[in-house]
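If you count the sequence shown from 1, position 202 lands on 201 in numbering that gives the first Met the number 0, and the numbers rise without skipping.
C-beta atoms are modelled at their ideal positions from N, C-alpha and C, and glycine is treated no differently.
Keep in mind that this is a model prediction, so the values were computed, not measured.
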Amino acid sequence: MKIDLNNIDQLAWEKMSGLLPCTVQHALTGEVLMQAYMSTEAIKESFASGKTTFYSRSKDRLWTKGESSNNYLRLEGIYSDCDNDALLVQAIPDGPTCHLGNRSCFAEAPKPLLHELDSLIASRKGADTSESYTASLFAKGLKRVAQKVGEEGVEVALAAATADKDELVNESADLLYHLLVALRANELSLDDVLEVLAKRRG
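Here's what the structure looks like:
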């Protein structure tokens, strides 16, 4: 159930002694950022301010993530599970979520696949070209990178036109990879594309 001010009372507050566990997820990437607890007041404050607010059991008060660091979690939506006793919060982080400076409090967990690939590609800039195809592609410059994107795009189009499903899947993987290289070669990332798609959604 998507939570709003009109259905907060339908959540299982009594069952959970007034506090519901909530998992915070990056609204664009799907990455799990942190886990906390919310009260009725925390949900209302989150909607009012647009900044995700929790109930701190240690401080015994409402706590807005980022109130001291300015690394706010911009609220995108709150959803309950099938039993209405746990919450999923989708948000856009302004900076690192973890107090240790990591992007997520679960920093050792792998990123979603495309983001993992994007990070790996970024790490290849300036690497040994004799050991990395990606590094050699960066070294050849923007024109060569752009050429590869064009070549792979044509291969995808041909596979789609001939309904060759196996080839379409394989060539699409090649295109996605080279597209990420092109983004990084232009000092952009997958997140920049996702932000544009998010604005176009709905």
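Can you give me the C-alpha to C-alpha distance between Lys64 and Ala160, rounded to a whole angstrom?
50 Å
Could you say which of Ala134, Gln9, Arg73 lies nearest to Leu32 if we only look at CA atoms?
Arg73
Short of 8 Å in beta carbon distance, which residues of its chain neighbour Leu174, apart from the five on each side in sequence? Order them along the chain.
For Leu174, the CB contacts under 8 Å within the same chain, skipping 5 residues up- and downstream, are Val148, Glu151, Gly152, Glu154, Val155 in chain order.
Measuring CB atoms only, is the region 16-26 touching the region 37-45, in the sense that at least three cross pairs come out at less than 8 Å?
yes
Just the C-alpha distance for Tyr176 and Glu75, rounded to the nearest angstrom, thanks.
Within the model, the alpha-carbon separation for Tyr176 versus Glu75 is close to 29 Å.
Suppose contacts are defined by Cβ-Cβ distances below 8 Å. Is Asp80 in contact with Lys14 by that definition?
In this structure, Lys14 does not lie closer than 8 Å to Asp80 by Cβ.
Looking at Tyr36: is its Cβ nearer than 8 Å to the Cβ of Arg60?
Contact: no.
Where Lys110 and Ser103 are concerned, what is the direct C-alpha to C-alpha distance, given to the nearest angstrom?
10 Å
Tell me the rounded alpha-carbon separation between Pro58 and Glu66.
Sequence check: residue 58 is Lys here, not Pro. Rounded to whole angstroms, Lys58 to Glu66 spans 14 Å at the Cα level.
Which first and last residues belong to the beta strand (DSSP E) in which Leu86 is found?
Unbroken beta strand (DSSP E) run through Leu86: 86-92.
Using a Cβ cut-off of 8 Å (strictly closer), state whether Pro20 contacts chain B.
Annotation note: the requested chain B is absent from the structure, which comprises a single protein chain.
Can the beta-carbon of Tyr71 be found less than 8 Å from the beta-carbon of Asp93?
yes
I believe Ala26 touches Gln89 by the beta-carbon criterion, under 8 Å. Please report the beta-carbon distance rounded to the nearest angstrom.
So it is a contact: roughly 4 Å between Cβ atoms.
Counting only runs of 3+ residues fully inside the region 11-87, write out the beta strand (DSSP E) ranges in chain order.
19-25, 31-37, 52-55, 60-63, 72-79
Roughly how many whole angstroms lie between the Cα atoms of Asn185 and Asn169?
25 Å
What is the DSSP secondary structure of Lys147, counted as helix, strand or coil?
helix
Check whether the Cβ atoms of Ala134 and Arg143 lie closer than 8 Å to each other.
no
Looking at Ala181: is its Cβ nearer than 8 Å to the Cβ of Ala145?
yes
Given Leu179, which residues of its chain have a CB within under 7 Å of its CB, disregarding the five upstream and five downstream residues?
Leu116, Asp117, Ile120, Leu189
Would you call Leu157 buried or exposed, if buried means 16 or more other Cβ atoms sit within 10 Å of its Cβ?
exposed
Would you identify the three-state DSSP class for Lys198, choosing helix, strand or coil?
helix
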